[in-house]
Amino acid sequence: MILWSRIRSWLSATLRRSRMESEMDAELRFHVEAYAEDLVRGGITREEAMRRARLEFGGIERVKEEGREARGVTFFETLVQDLRYGATAELWTPLQYDGRNIISFQSREWGHHLRMLGRVRPGISKEQARRELESIAHNPVREFPRPPWASLEQGLIVNSLQHDLTVGVRPALLAALAAVTLVLLIACVNVTNLLLARGAQRRGEFAVRTALGAGRMRMMRQLLTESLLLATFGGALGMAIAEFGVRALAALSPPGLPQAGAPTGRHRIRVRIFDYHAGRADDWADSAPARFADRSA
Amino acid sequence: VDKQLDLLQGTLDMLILKAVSLGPLHGYGILLRIQQISKDRLEIQQGSLYPALYRLEHQGWIASEWGESENKRKAKYYRLTAAGKRRFQTEAEKWNRMTDVIAGILGTKPEEV
Numbered sequence: 005m006i007l008w009s010r011i012r013s014w015l016s017a018t019l020r021r022s023r024m025e026s027e028m029d030a031e032l033r034f035h036v037e038a039y040a041e042d043l044v045r046g047g048i049t050r051e052e053a054m055r056r057a058r059l060e061f062g063g064i065e066r067v068k069e070e071g072r073e074a075r076g077v078t079f080f081e082t083l084v085q086d087l088r089y090g091a092t093a094e095l096w097t098p099l100q101y102d103g104r105n106i107i108s109f110q111s112r113e114w115g116h117h118l119r120m121l122g123r124v125r126p127g128i129s130k131e132q133a134r135r136e137l138e139s140i141a142h143n144p145v146r147e148f149p150r151p152p153w154a155s156l157e158q159g160l161i162v163n164s165l166q167h168d169l170t171v172g173v174r175p176a177l178l179a180a181l182a183a184v185t186l187v188l189l190i191a192c193v194n195v196t197n198l199l200l201a202r203g204a205q206r207r208g209e210f211a212v213r214t215a216l217g218a219g220r221m222r223m224m225r226q227l228l229t230e231s232l233l234l235a236t237f238g239g240a241l242g243m244a245i246a247e248f249g250v251r252a253l254a255a256l257s258p259p260g261l262p263q264a265g266a267p268t269g270r271h272r273i274r275v276r277i278f279d280y281h282a283g284r285a286d287d288w289a290d291s292a293p294a295r296f297a298d299r300s301a
Numbered sequence: 015v016d017k018q019l020d021l022l023q024g025t026l027d028m029l030i031l032k033a034v035s036l037g038p039l040h041g042y043g044i045l046l047r048i049q050q051i052s053k054d055r056l057e058i059q060q061g062s063l064y065p066a067l068y069r070l071e072h073q074g075w076i077a078s079e080w081g082e083s084e085n086k087r088k089a090k091y092y093r094l095t096a097a098g099k100r101r102f103q104t105e106a107e108k109w110n111r112m113t114d115v116i117a118g119i120l121g122t123k124p125e126e127v
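So the protein sequences, as listed, match chains A and B. Going by my numbering, the letters in the first sequence line up with residues 5 to 301, in that order. Going by my numbering, the letters in the second sequence line up with residues 15 to 127, in that order.
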């Protein structure tokens, strides 16, 4: 199956990258510690040696970013890592580049590797934001003349953050959602079948009750109560399993997946909505014997 | 003591290939070996070494393997591949030709023109 092999290759790529990331961490840590040990042999304290080793190594995050770029890691993954890093950073400094390097077009100073994240004012559409950025791009600041190839003739590309974050994983997640929906459907059909079979078995019981003078409404009420109880317990059980299941899934999910941190309020809301639907499906299936019994009565 | 020279752009790759051609080394070892051979006359930004290593590995000129370091710790060792060896030879030839030409130009006397 093409879909399955795509999901598999996506999963293995994600795992490979998380391994690469931890290997890079281990490698850089080894370097800093080995250098610090050499410094300690030179006769300074271990603490001071670690500080100097880190300082001389340079910005470790920048090194990692360049390392990922060198290995062809996509923007999406770096962004997730940036956001994680940003959430734990204690100090922010402005990005300072060395203006002398600007003579080389390949240098970082041209900012080819930079992507900007901005918040659009409420009520402003993506198109409006794009147009405004375009006019800014076409009117460079006088103090910073640009060569023609950097004149941004096409303006700037504007994408929603959600699109950017999910574009890589969306097909795989949709496929998983479709598979889960099918499983739910099959489960519903199974429950319906079981209840129908039970309804057929209880034909005698209904016949006796009708003979004793039970009205149509009474029979309906009894069956509806049974169905409602079943749906309530089923729903409660499902909710409990989902609550733990979401946590377990979030803990198991590969680091490259967006929103895969600790379960948030959002996860829980989704669980509720899902359960609600599942409960509705149960109700529908449960009321089937009522109709069936009605006909047989 | 002579002032340390900044590395010319694009030469770090060549130095790394040369360093690992003398035997497998981890990242820190590559830095030490280059400094040792250059008698500390070259200034190499420690952090800049790694993006270069990953690029060279990505291109298949060096290969890496986890091993144990002198101080009994896990370290990633790099070694030259066959493709890297060829690459280094062409790069070194190009570099030698280039320095010859530049030196020739810089050393030109008025009567030779």
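Backbone N, C-alpha and C fix where the C-beta goes; we use that ideal spot for every residue, glycine too.
The beta carbon of residue 41 of chain A sits closer than 8 Å to those of 53, all from its chain and outside the five residues before and after it, given in chain order.
Residues of chain A with a Cβ closer than 8 Å to the Cβ of residue 65 of chain B are, in chain order, 67, 70, 71, 73, 74. In this structure the stretch 45-52 of chain A does not touch the stretch 68-76 of chain A; the number of beta carbon pairs closer than 8 Å is below three. By the rule that beta-carbons nearer than 8 Å mark a contact, residue 127 of chain A does not touch chain B. Cα atoms of residue 100 of chain B and residue 77 of chain B: separation of roughly 14 Å, rounded to the nearest angstrom.
Non-local beta-carbon contacts of residue 81 of chain B in its own chain, meaning distances under 7 Å to residues more than five positions away in sequence, involve 89, 91 in chain order.
Taking 3 residues as the minimum length, the beta strand (DSSP E) runs contained wholly in the stretch 45-89 of chain B are 76-82, in order along the chain. Your pair residue 58 of chain B and residue 48 of chain B checks out as a contact, with CB atoms roughly 6 Å apart and the cut at 8 Å. Its Cα nearest to that of residue 99 of chain A, the residue A/119 stands out among A/119, A/92, A/91.
In the DSSP annotation of this structure, the continuous segment of the alpha helix (DSSP H) that includes residue 202 of chain A starts and ends at 174-205. The C-alpha of residue 226 of chain A lies about 24 Å from the C-alpha of residue 242 of chain A.
For residue 112 of chain B, the enclosing alpha helix (DSSP H) covers residues 96-120. Between the beta-carbon of residue 179 of chain A and that of residue 11 of chain A there is about 6 Å, and that keeps the pair under the 8 Å contact cut.
With distances taken between CA atoms, residue 38 of chain B lies nearest to B/84 out of B/23, B/107, B/84, B/119.
In this structure, residue 120 of chain B and residue 62 of chain B do not form a Cβ contact; the two beta carbons are roughly 28 Å apart against a cut-off of 8 Å. In the DSSP assignment, residue 158 of chain A falls outside any alpha helix (DSSP H), carrying neither H nor E. DSSP, read as helix, strand or coil, puts residue 27 of chain B in helix.
Taking the C-beta atoms as reference points, residue 131 of chain A is found no nearer than 8 Å to residue 159 of chain A. Residues of chain A with a Cβ closer than 8 Å to the Cβ of residue 88 of chain B are, in chain order, 30, 34. Taking the Cα of residue 64 of chain B as reference, the smallest distance to any Cα among B/115, B/41, B/117, B/122 is reached at B/41.
Beta-bridge annotation (DSSP): residue 93 of chain B is paired with B/77.
The contact set of residue 60 of chain B on chain A, defined by CB atoms closer than 8 Å, consists of 35, 39, 60, 61, 62 in chain order. In the DSSP secondary-structure assignment, residue 20 of chain B is bridged to B/57.
Residue-level contact check: residue 37 of chain B does not touch chain A, since none of the beta carbons of chain A fall below 8 Å from its beta carbon.
One alpha carbon belongs to residue 113 of chain B, the other to residue 34 of chain A, and they sit about 36 Å apart.
The alpha carbon of residue 32 of chain A has as its nearest neighbour, out of A/13, A/187, A/57, A/9, the alpha carbon of A/57. Residue 75 of chain B is not a Cβ neighbour of residue 43 of chain B, given a cutoff of 8 Å.
In this model, residue 135 of chain A and residue 127 of chain A are separated by some 15 Å (Cα to Cα).
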